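Here's the structure, in structure tokens; my notes come after.
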Amino acid sequence: MSTIESQTTQKALLEYKWQAAGVVTIGLFLSMLDNTIVSVALPAMRQDLNTTFQTITWVATAYFLAQAAVIPITGYLSDRQGTKAVFVSALAIFLVGSILCAAATSKEMLIFARVVQGIGGGALMPTSFAIAYKAFPRDEWGRATSAIGVPVLLAPVLGPVIGGLLTSEFGWRAIFAINLPIAGAGVVLALLVLRNRSSELGAAAPVESRFDLIGFGLCVLSFTTLIYGLTEAGLQGWTDPGVDRIFVGGAVLLALLVWTEWVTPNPVLDFRLFLIGPFARANILLWLVAASFYGTLFLIPYFFENVIGTSALSAGEILIGQGVAAAISIAVAGELYNKVGPRALVGVGTACLAAGTIGFTQL
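Residue numbering for the sequence shown is -8 to 354, as defined by the numbering used here.
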């Protein structure tokens, strides 16, 4: 290959990796945004649809349940259909769900629409990271994580702000209508920019295997049961007998899932990866960080709006500082990763998160 051809190829690779990162960021931002954008709009939804608080919380819960249910099958579909096909399909499903949410005339229709939206949103998350890691060289994965990691932290924080503004000015349906032009543009850009399965960087032909239908079914049942139990515990209390039975059922299903996937040759969730020490420790830490970080994004707006009595917009604005700080820190961490390694970054980040959480207890 001549020097000119080599330079042209390198330039094309450089341009594509940032183009791909930009496209998947659209889908990832929307997926994460709709985790929290409804938090400040729930009181308005409850009043407009004439329902109870316990029922309207399912607008948020249904989205989480659908996300949890679809994530296990996303990797399987991506290996066989290609990440581009899965990403475009997921974003289109999310778009349809948003249209249904904006047009909902009853609580049942709204909850169903959120399930549709969650299916698309859940598939967008792992697919977006897969596309980015294939587009970036391995030694730039820290930079790739930084490039698409901003919406992971920024979008949920901006959710209450955007939701509060739209709900106050235009009504709760606007928080779903705003997705339509963004998701539509994302579908078009994905079709034009992202590479097909045959030309994905580093892609290899998957080994054909029978789909683990039993494992997938147990994934859906165990995850949804446990999340449903957490939701009911928040409403009914942790000592409620019905909540205890839900958790016992979820724990039994989860144990059955682990055993089934352990002995299955091609599991939909390979729990044997947790035998790898760094992988197991990283996932446990990520779970703890996500639980403490994202939990505040629901509790803080609800506290200020329903206890202190602030408006939906003011409740959302309180979290602006957290979003800006998160965006700055993830951008800096992406650049420092290859220089100082993950241990120092994780240590400092966890300490800051702990300090902030302690501060929240004094509100």
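We put the CB at the ideal spot given by N, CA and C, even for glycine.
Every value quoted in this text rests on a predicted model; they were computed, and no experiment measured them.
Residue nearest to residue i in terms of C-alpha spacing, selected from the options
i	options	result
residue 111	124, 319, 54	54
residue 148	30, 36, 74	30
residue 51	74, 26, 38	26
residue 45	214, 224, 122	224
residue 163	151, 113, 176	151
residue 21	176, 126, 302	176
residue 185	287, 77, 134, 114	77
residue 96	41, 216, 173, 231	41
residue 277	327, 340, 294	340
residue 171	238, 140, 82	82
residue 306	139, 59, 56, 159	159
residue 11	353, 57, 93, 118	118
residue 285	298, 304, 314	314
residue 120	156, 14, 301	14
residue 221	242, 264, 208	242
residue 136	19, 67, 304	19
Same chain only: Cβ atoms within 8 Å of residue i, ignoring 5 sequence neighbours per side
i	result
residue 201	257
Same chain, Cβ closer than 7 Å to residue i, neighbours up to 5 away in sequence not counted
i	result
residue 210	63, 248, 259, 260
residue 107	84, 87, 88, 91
residue 23	142, 143, 146, 147
residue 203	255, 257, 258, 259
residue 192	Any answer about residue 192 is weak, because its pLDDT of 45 lies below 50 and its placement is not dependable; what the coordinates show is given next. The residues are 125, 126.
residue 205	251
Residue i: CB within 7 Å of a non-hydrogen atom of the ligand SAH
i	result
residue 12	Among the components of this structure there are no ligands whatsoever, and the ligand SAH is therefore not found.
Residue i versus residue j - alpha carbon distance
i	j	result
residue 321	residue 312	14 Å
residue 309	residue 345	19 Å
residue 153	residue 323	25 Å
residue 326	residue 128	15 Å
residue 357	residue 65	Outside the displayed range of the chain (-8 to 354) lies residue 357, so it cannot be described from this structure.
Close-in-space but distant-in-sequence residues of the same chain around residue i (CB under 6 Å, 5 per side omitted)
i	result
residue 227	234
residue 47	33, 36, 37
residue 140	321
Which runs of the alpha helix (DSSP H) spanning at least 4 residues fall entirely within the region 267 to 347, listed in chain order? 268 to 293, 303 to 308, 311 to 331
Go through the region 63 to 96 residue by residue and report every complete run of the alpha helix (DSSP H) that reaches 4 residues or more, in order. 74 to 94
What ranges does the alpha helix (DSSP H) occupy inside the region 125 to 193, keeping only unbroken runs of at least 4 residues that lie completely in it? 132 to 161, 165 to 168, 170 to 184
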